[in-house]
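Residue numbers (my numbering), protein chains in the order written: chain A, 1 to 231; chain B, 232 to 462; chain C, 463 to 693; chain D, 694 to 924.
Just so it is clear, CB atoms sit at the ideal spot from N, CA and C, and this is done for glycine as well.
Here's the structure, in structure tokens; my notes come after.
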């Protein structure tokens with residue numbers, strides 16, 4: 001298997017999320033739109049982020065029927081299909097139950113501008129809560145045209161251009177949720193508006209690509225079994 | 232020894248609890264009703280969860296006399312016998328002193344519905360406190376027909392159908408106790424009632440079996456010495 | 463070197479403290495009264511707890527002159543000599559700067575009875591603060607005939623019968639300081655008085671010896687370089 | 694390469710910072726004034742602290758042109774050049790985004806005297822905030838003749854005599870920021886003024902050199918790949 005294979009990259013993304021403290025029990029998902037199909041995406045099943053191997057990824061149609069591979073998928077993957085259908089700009093989706101995102105979600109707030117890296121999420125967040133009555137796909141409406149939706153008492157969905165970007169945004173969201181909670185508890189205040197806007201452009205340019213590369217390198221040492229899968 | 236041997240599974244359960252942050256000093260116990268005896272259960276002695284090997288488990292009668300193996304057991308194992316006698320539906324018991332459960336227990340509250348996984352414990356919890364006068368077996372009365380009893384300033388007992396289920400419920404209880412404490416501190420609110428009920432059925436079906444399997448796999452890498460014991 | 467050599471046991475005690483989260487930068491000390499001298503004790507110099515090897519221990523007279531070995535000792539070891547002189551019941555001393563003990567010390571409080579293991583310290587604690595004027599040996603007066611003195615904004619000294627006991631008491635003190643801080647923040651309350659008294663006898667009997675043994679076993683896997691020193 | 698080579702020492706400093714919990718994503722920098730140039734310093738590019746190898750360091754002029762080596766540097770290295778130009782007493786600079794420093798920075802406060810090690814920073818700290826309008830070099834004015842500047846919602850810069858000292862000061866600053874936050878939350882109070890002054894002299898003499906040595910030793914076990922680079 002080539003190192004650029006989408007199945008390898010999905011497994012790497014899941015391992016990176018785990019290494020960066022985004023453990024999500026068996027309920028987190030990482031998916032990517034299939035390059036050579038109009039109506040399908042690659043996704044993995046119930047397992048811990050740190051256990052994923054490339055052949056754990058399955059190609060699934062927007063009709064939720066598996067096309068390549070077979071796996072026990074969460075009934076919750078239906079929102080991936082719905083987002084890819086509705087949002088042509090989205091190339092990859094991360095759904096995570098990471099700790100601080102889940103804590104912050106219980107307040108109904110979005111991630112505040114408490115840290116230089118938080119500016120990545122300025123004007124990019126929506127919120128959602130489940131009342132046990134509405135369709136679970138209502139979260140797709142809640143996301144709208146944003147990059148992030150925080151799901152109350154649950155976690156978040158990050159929908160972004162590429163797998164690399166969605167992964168780094170997801171782990172940064174977790175860090176920024178922690179900053180929000182701890183800065184607020186300490187009586188901290190947010191970044192001034194002009195600096196948020198200036199910083200966002202700067203961070204998007206320098207931070208995202210360098211973070212993927214650095215995390216990928218870190219994986220070579222922490223997860224040799226993943227690289228063994230390349231043959 | 233076969234991988235399905237109850238002694239191996241008890242050792243695996245203890246190691247899983249340790250890996251998932253449920254360290255309980257030398258005072259945690261994991262036991263399982265003996266399949267082929269009417270009045271006995273398997274249990275381990277004073278040691279850290281991460282050190283247990285299969286031959287550390289001992290078969291003990293409900294009269295607290297050892298039948299197979301010998302070990303220094305905590306005087307507190309008496310409540311295991313009492314629960315197995317009174318509750319024919321209980322196949323395994325986990326007693327743990329894990330950190331966040333112990334902190335939450337000091338408030339006298341039960342675990343609130345602050346996270347999707349918390350719904351597993353909806354209508355399944357009781358509380359108990361020790362006053363230095365009543366019998367230590369009074370905790371069995373306090374448990375009643377529930378699945379969980381939170382012991383004030385101490386920890387919890389989880390009594391469930393199977394060893395696998397009791398283990399995953401115990402480690403999830405610890406995660407949910409942490410969510411309770413941190414969500415409450417952040418001003419978070421609980422899940423709406425209808426979603427609690429709908430989510431509980433869903434979580435019980437998908438979460439428990441997949442979590443045991445994923446944790447068991449994780450153990451293969453973290454605890455090779457345990458698997459060496461299979462010979 | 464024999465496994466019962468006091469120098470080996472001091473190194474093991476320091477490694478156990480590190481493994482149990484009592485990292486104290488280079489300022490923590492572990493000492494033990496010399497069995498075969500009336501006026502000397504074994505102590506180690508400036509280094510991290512996890513780095514100590516048996517030959518890092520030095521025999522030092524109550525006059526603070528080295529008798530066997532040589533090392534850069536902290537000027538603060540003078541209180542060890544003073545405690546051994548004044549307290550014939552004390553066989554070993556641990557001074558630590560562990561995190562939660564240091565945080566709690568800033569409040570001027572002693573460790574409250576928030577957890578079953580906290581009862582070990584009931585009626586065993588004193589407090590001390592430094593004003594930059596009084597002699598540093600004033601901490602020995604503050605300790606008096608207690609087992610523990612919490613030093614404000616600094617850490618604690620544990621003076622106990624044996625090295626094994628002082629070590630387990632020190633690491634348990636750290637756990638109980640954390641329980642105090644987090645239970646208090648969560649609105650928790652302490653254990654009722656009668657249970658404190660009943661629990662203390664029980665815990666002292668079962669907890670201390672089993673904890674030393676379990677921690678020592680854990681060290682065999684985590685610190686093979688220490689055991690290599692036995693030759 | 695010799696173990697005293699500045700490039701090796703910069704890599705070691707970065708690894709020490711990582712080991713001591715000062716992970717700063719890809720945005721932290723460590724630099725040292727070049728001994729044999731009047732107008733240049735050694736610095737590393739975008740990467741995690743734990744990944745740095747000696748040949749990742751580049752010699753850069755105060756004009757921000759690379760002289761030896763080439764690397765993708767953060768646009769933020771410009772403040773290193775400005776500090777070396779303005780402050781002949783400064784031999785090394787650490788810029789870090791460590792967690793507790795970043796949280797505390799959001800309050801606009803400096804690190805309070807909550808712990809014995811905090812006294813190192815008494816009368817040594819300034820604060821800075823970015824408004825999105827002023828030049829990023831304004832942080833150099835804010836630093837003035839101090840050793841530390843806390844950057845609001847961002848992190849800190851430590852400018853000190855030597856690389857060894859800047860490194861230990863940076864990791865101690867992180868520990869003391871955590872003490873500040875947790876002691877304040879627990880209702881703790883600061884060290885009395887006379888003890889701050891007396892303790893500062895004592896700590897500067899004993900703590901700094903022993904901490905570098907102890908951390909460097911710890912690196913031998915945790916980072917063998919770094920030492921492989923010595924050939």
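Asked	Found
Beta-carbon proximity of residue 29(A) to residue 95(A), cut-off 8 Å	yes
Three-state secondary structure (DSSP) of residue 671(C)	helix
Where residue 197(A) sits in the DSSP three-state scheme	helix
Where the region 499 to 526 of chain C meets chain D: residues whose CB sits under 7 Å from a CB there	508, 509, 510 and 513
Near the ligand HEM: residue 57(A) beta-carbon under 7 Å from a heavy atom	Absent from the structure shown: the ligand HEM. Ligands present: none.
Distance, residue 316(B) Cα to residue 586(C) Cα	41 Å
Residues of the region 1 to 17 of chain A whose Cβ lies closer than 7 Å to any Cβ of chain D, in chain order	none
Residue range of the unbroken beta strand (DSSP E) whose run includes residue 67(A)	66 to 68
For residue 849(D), the three-state DSSP class (helix, strand or coil)	strand
Short-range partners of chain C found in the region 339 to 363 of chain B, where Cβ spacing is below 8 Å	339, 360, 361, 362 and 363
8 Å Cβ cutoff met for residue 868(D) and residue 214(A)	no
Chain A contacts from the region 864 to 879 of chain D (Cβ-Cβ distance under 8 Å)	874, 877 and 878
Residues within the region 447 to 462 of chain B neighbouring chain C, beta-carbon criterion of under 9 Å	456
Pairwise C-alpha distance: residue 4(A) and residue 400(B)	39 Å
Proximity to residue 594(C) [Cα-Cα], best of 922(D), 890(D) and 883(D)	890(D)
Range covered by the beta strand (DSSP E) that runs through residue 818(D)	818 to 821
Through-space distance from residue 621(C) to residue 608(C), alpha-carbon basis	8 Å
Residues that residue 885(D) contacts on chain C, provided the C-beta gap is smaller than 7 Å	593 and 594
Within 8 Å, strictly: CB atoms of residue 479(C) and residue 633(C)	yes
is_contact[residue 540(C), chain D] using C-beta, thresh 8 Å	no
Inter-stretch contact at 8 Å, needing at least 3 Cβ pairs: the region 529 to 541 of chain C / the region 497 to 511 of chain C	yes
Minimum Cβ-Cβ distance from residue 797(D) to chain A less than 8 Å	yes
Element boundaries [alpha helix (DSSP H), containing residue 80(A)]	78 to 86
C-alpha gap between residue 280(B) and residue 26(A), whole angstroms	23 Å
C-beta atoms of residue 116(A) and residue 177(A) nearer than 8 Å	no
7 Å CB neighbourhood of residue 695(C) in its chain, flanking five on each side removed	Because residue 695(C) is not part of the residues shown, which for chain C are 463 to 693, the question remains open.
Proximity winner among 432(B), 255(B) and 285(B), relative to residue 669(C) (alpha-carbon distances)	255(B)
Identity of the residue in 93(A), 209(A) and 224(A) nearest residue 143(A) by Cα	93(A)
Short CB-CB distance (under 8 Å) between residue 210(A) and chain D	yes
Residue burial classification, residue 597(C) (beta-carbon count within 10 angstroms, cutoff 16)	exposed
Closer than 8 Å to chain F by CB, residue 899(D)	Of the chains in the structure shown, none is chain F; the protein chains are A, B, C and D.
Reduced DSSP secondary structure (H/G/I, E/B, other) of residue 786(D)	strand
Chain D contact for residue 616(C) (CB, 8 Å cutoff)	yes
Test: residue 135(A) CB closer than 8 Å to a CB of chain B	no
Opening and closing residue of the alpha helix (DSSP H) in which residue 414(B) lies	394 to 416
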